[in-house]
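Shown next, in C-alpha cells, is the structure this report addresses.
2 protein chains.
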Amino acid sequence: MALTDDAIARIRGMISSGELPPGARLPPEPQLAAQMGLSRSGVREAVKVLESARVLDVRRGDGTYVTSLAPRLLLEGLGVAVELLRDDTLLEVMEVRRMLEPVATGLAALRMTDTELDELDRILQDMRAAADDAEKLIQFDTAFHHTVVATTGNETLTSLLDGLSGRTLRARVWRGLIEANAAHKTIDEHQAIYLALRSRDQLLAQATALMHVNTSEAWLRTVLAAQAGDA
Amino acid sequence: MALTDDAIARIRGMISSGELPPGARLPPEPQLAAQMGLSRSGVREAVKVLESARVLDVRRGDGTYVTSLAPRLLLEGLGVAVELLRDDTLLEVMEVRRMLEPVATGLAALRMTDTELDELDRILQDMRAAADDAEKLIQFDTAFHHTVVATTGNETLTSLLDGLSGRTLRARVWRGLIEANAAHKTIDEHQAIYLALRSRDQLLAQATALMHVNTSEAWLRTVLAAQAGDA
DNA sequence: GTCGGGCAGACGTCGGATGAATCTATAGTG
DNA sequence: CACTATAGATTCATCCGACGTCTGCCCGAC
C-alpha cells in the first residue's frame, strides 16, 4: 500500500516544511492528483485522512485548506482514540490523569483571575442544582475541569486533559456515583478544589485535585468490577 | 458531508459497542457498502480514515480487521499530530512533558528491575560512545526515556510521552546541544537519572528528571529564538 | 506427508459521469 | 452610485464499473 499513503506523507511534508502554511489552499483534486501521480480517488482518500485529523479543512464547492494547526484541533483525535480504548486500559488513562490534573490544577491556582473564579462558582451552583440528572452533572463536571485547566494558558495541556477525560469515561464514573448516592460527596470535592483555587493555594489545590481524581478512579474501578461481574 | 462521516461513525460505533471486537473481520467492501447504503468509494474513504487511526488493519487480498485497540496503537496518532504543531506551541508541549515525565520517572524508580537498570546503563554507554553523532544521540536518548517510562507498566502513559517527545522536537534540542558543545552535560544528566533510579530513590529520580526536561526546554527556547532571529 | 500450482476472494487503483454547494462576476434596479 | 439577484464557473460529494494485484486455501502430484 504505497500510493495513497505516499500522498498522505507528501501533503503532510508540504505542511511541516512550511510550503503549505496554515490557511493555505491546496490545488483542486484533479490537479493535485496529476501532480502526485495518482488518480483522484487516491487523493480523496489521502485528503479525507488528513481532514479527519483536523489538518485539512475541506469546503465543498470552495476548496481544500490547511487548518490553523492549533493544538486544540490536532489533539482532538486523542479524545476519539480514548473512546475506543478497552475497559482494562481505562485505568491506565485514569492513572495519567492522576499525574497530570493535580499539577495542572496547582498551576491554575497561581494564574486564575477573579472572573474565572466567579465562573467556577457559577458552575458549582449549577452542579448542586442538577441534583441527580446524570446528563447535566457530566456536562457541568466537564465544564468545571476544563475551565480550571484552561486558565493555565497551556492549550496543549488543556486539549490533552480534555481528551483523556472522555465522555464515556466520565459517564461511567458518574453512573456509579449516582447509583451509590455519592454524587453530593463528589460535588463537595469540587467545592474543595474551588476554595483552594480561590485562596490561590497551589499545594492545597494540588492536593484537592488529587483526591478528586482518586475518587473518580475508585468509582471507575467499582463500575468496571460490577460490569465484569455481570458478564 | 454526511455519508462518509456517517460510515466512519457507524463503524466506530460497532467497535465500541462490542459488535466488532478486536481481531474481528469486517464484511468485504462491496457488502459493507450495501449494508451502509453508500458506494464502495465512500466505504473505502471511511476505512482508510480508521486505518490511519490504527483502528482497522487492512490486509490486501485478505480482508479488513479490527486491530487490538491497544493504547500503543491508538495513541500513535498523537506523535504525528505533535509533529505538525507550529513552533510557538512546542513550548507548551515541553511544559506538559515537564509535568509528566518527572512523575513517571519517579514512579519508575519504584518498579524498575535490575535487568532494566542494566539496559539503561548500556544505553548510557552507547550515548557516551556516540559522541557528536546527532543521529545516534537522538536515537539513544529516545531509547533511554522510553525504557524508563515503560517500566511504569502503564502503556498509555508510555505512548503519550513517546508522542509528546516527537522526533523533530528531539532533533532540534540536540542540534542546539551539540552546536553549543553541551552534549556531554546532558549525558551527565541522564547519568544522574540513572543513578537515582539505581538507588530506587523516587524523589531524587523525580528531581533529576525535572532538571533534565528543564534543560531540554531551555535549549529548545534557544534554538527557537535563534531561528526566529534568522527569519 | 510435503510441495507446488491454480483458483477464488478481497483490496488497490483507475477513469469517467453526475449532483450539489460555493464563489464570483455580471446585469439589473432603486 | 449602491445594492440585489441571477447566471456561470469552480470545486467537492458521490456513484458506477472495470481491471490489476495480492493473499489464502484447496487439491493434486510426487
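These protein sequence lines map, in sequence, to chains B and D.
Just so we're aligned: the first sequence equals residues 552 to 782 in the numbering used here.
Just so we're aligned: the second sequence equals residues 552 to 782 in the numbering used here.
Even for Gly, the Cβ is constructed at its ideal location relative to N, Cα and C.
Three-state class that DSSP yields for residue i in the structure shown
{"i": "D/L571", "result": "coil"}
{"i": "B/D752", "result": "coil"}
{"i": "B/V617", "result": "strand"}
{"i": "D/D608", "result": "strand"}
{"i": "D/R576", "result": "strand"}
{"i": "D/N705", "result": "coil"}
{"i": "B/A743", "result": "helix"}
{"i": "B/R637", "result": "coil"}
{"i": "B/S590", "result": "coil"}
{"i": "D/A682", "result": "coil"}
{"i": "D/A782", "result": "coil"}
{"i": "D/N732", "result": "coil"}
{"i": "B/A760", "result": "helix"}
{"i": "B/G717", "result": "coil"}
{"i": "D/A655", "result": "helix"}
{"i": "D/T664", "result": "coil"}
{"i": "B/L626", "result": "coil"}
{"i": "B/A553", "result": "coil"}
Among the options, nearest to residue i - alpha-carbon criterion
{"i": "D/L635", "options": "B/D608, B/E646 and B/A604", "result": "B/A604"}
{"i": "B/L771", "options": "B/H741, B/L577 and B/I729", "result": "B/I729"}
{"i": "B/R649", "options": "B/H763, B/A776, B/G727 and B/Q582", "result": "B/H763"}
{"i": "B/V700", "options": "B/D672, B/L624, B/L641 and B/M663", "result": "B/M663"}
{"i": "B/R563", "options": "D/R673, D/A558 and D/A632", "result": "D/A632"}
{"i": "D/A779", "options": "D/R637, D/R576, D/V600 and D/L589", "result": "D/R637"}
{"i": "D/T719", "options": "D/L583, D/L775 and D/L675", "result": "D/L775"}
{"i": "D/A769", "options": "D/L641, D/T666 and D/L624", "result": "D/L641"}
{"i": "B/H735", "options": "B/T766, B/L755 and B/L620", "result": "B/T766"}
{"i": "D/L783", "options": "D/A760, D/T698 and D/R561", "result": "It is not possible to answer for residue 783 of chain D, since the shown part of chain D is limited to 552 through 782."}
{"i": "D/M587", "options": "D/R561, D/G574, D/K687 and D/S568", "result": "D/R561"}
{"i": "B/Q742", "options": "B/F695, B/A777 and B/L583", "result": "B/F695"}
Cβ separation of residue i and residue j, assumed to be a contact under 8 Å, to the nearest whole Å
{"i": "D/I738", "j": "D/R679", "result": "6 Å"}
{"i": "B/E706", "j": "B/P622", "result": "5 Å"}
{"i": "B/L751", "j": "B/A685", "result": "First, the residue type needs correcting, since residue 751 of chain B is Arg and not Leu in the sequence shown. Contact doesn't hold; Cβ gap of about 33 Å is too wide."}
{"i": "D/L748", "j": "B/L629", "result": "Wrong, their Cβ atoms sit about 29 Å apart, outside the cutoff."}
{"i": "B/V600", "j": "D/V600", "result": "6 Å"}
{"i": "D/W725", "j": "D/I689", "result": "5 Å"}
CB of residue i within 8 Å of CB of residue j, strictly
{"i": "B/V644", "j": "B/L712", "result": "no"}
{"i": "B/V617", "j": "B/P572", "result": "yes"}
{"i": "D/E784", "j": "B/L708", "result": "In this structure chain D extends from 552 to 782, so residue 784 of chain D is not present and cannot be described."}
{"i": "D/S710", "j": "D/L626", "result": "yes"}
{"i": "D/T666", "j": "D/G727", "result": "no"}
{"i": "B/E596", "j": "D/E596", "result": "yes"}
{"i": "B/D669", "j": "B/F691", "result": "no"}
{"i": "B/S592", "j": "D/S567", "result": "no"}
Spatial distance of residue i from residue j (CA atoms)
{"i": "D/V598", "j": "D/L607", "result": "7 Å"}
{"i": "B/G657", "j": "B/L554", "result": "48 Å"}
{"i": "B/P578", "j": "B/D556", "result": "18 Å"}
{"i": "B/V594", "j": "B/I559", "result": "8 Å"}
{"i": "B/M565", "j": "B/T703", "result": "32 Å"}
{"i": "D/R611", "j": "B/D639", "result": "31 Å"}
{"i": "B/G717", "j": "B/T693", "result": "9 Å"}
{"i": "D/E570", "j": "D/R576", "result": "11 Å"}
{"i": "B/R723", "j": "B/L746", "result": "27 Å"}
{"i": "B/R721", "j": "D/N732", "result": "49 Å"}
{"i": "D/A655", "j": "D/L754", "result": "11 Å"}
{"i": "D/L651", "j": "B/T615", "result": "37 Å"}
{"i": "D/Q757", "j": "D/S590", "result": "55 Å"}
{"i": "B/G574", "j": "B/L624", "result": "14 Å"}
{"i": "D/T759", "j": "B/D781", "result": "46 Å"}
{"i": "D/D683", "j": "D/A777", "result": "21 Å"}
{"i": "B/L583", "j": "D/D613", "result": "30 Å"}
{"i": "B/K687", "j": "B/L761", "result": "23 Å"}
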